[in-house]
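Chemist: Residue numbers (the numbering used here): 13 to 229. Don't be surprised by glycine CBs; every beta carbon is placed ideally from N, CA and C. Since this is a predicted model, take the numbers as computed values, not measurements. The structure under discussion is supplied below as structure tokens; questions concerning it will follow.
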């Protein structure tokens, strides 16, 4: 017998649940005619195309969906707004940035929603504590041109000891391109000349990311 979503979350953690199972935890009661809350959630996701499509849908469309109604429509929109605000929270000064997952939690939701590429640099002090998140450039739908000068001017201004590079792929696929690899190597070389550590380059996709450090790149 399969575990219920709530028990599965307690046993394995929320990251092991599918989108439908997470929705079933938030909306645990199935409407009349739905076999269970998970199947009901799957029907909602199929209707709106994705979790993002569901939480971004207008209230009128949500209310017209079987099993949602007015109260759940408002709750779904509140859920989406909470996710957006969580993703937009700035890194707290004084707390070191240790992993690529923390970088993704900081800016993944915000950058994944963009239709154009943006290249950001997170400036860190000598203990890897964030000083500032700087948007260096904004490119086209497919490419973002980054010059070392644009990256390292704010590094000098803030007296940063280390940096993390971050940019998004509007296609949703975070696989590094040849250009991504080349600019990363170039910026790392410049950083070495200046005595600034380039700790990682995190590429944001839709619901996932690639870390150069994690992948040994």
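1. Going by the beta-carbon positions, is the gap between residue 181 and residue 217 smaller than 8 Å?
2. Counting only the same chain and skipping the five closest in sequence on each side, list residues whose C-beta sits under 8 Å from that of residue 75.
3. So residue 53 and residue 32 are supposed to be a Cβ contact under 8 Å. How far apart are they, rounded?
4. Return the first residue and the last residue of the alpha helix (DSSP H) that residue 164 is part of.
5. Does residue 168 pass the burial test, meaning 16 or more other C-beta atoms within 10 Å, or should it be called exposed?
6. For residue 20, does the three-state DSSP call read helix, strand or coil?
7. Nearest to residue 173 by CA position, among 147, 67 and 206, is which residue?
8. CB residue 186 to CB residue 222, shorter than 8 Å?
Modeler: According to the data block:
1. Yes, the Cβ-Cβ distance between residue 181 and residue 217 is below 8 Å.
2. 81, 82 and 85
3. 4 Å
4. 160-170
5. exposed
6. helix
7. Comparing Cα-Cα distances from residue 173 to each of 147, 67 and 206, the minimum goes to 206.
8. yes
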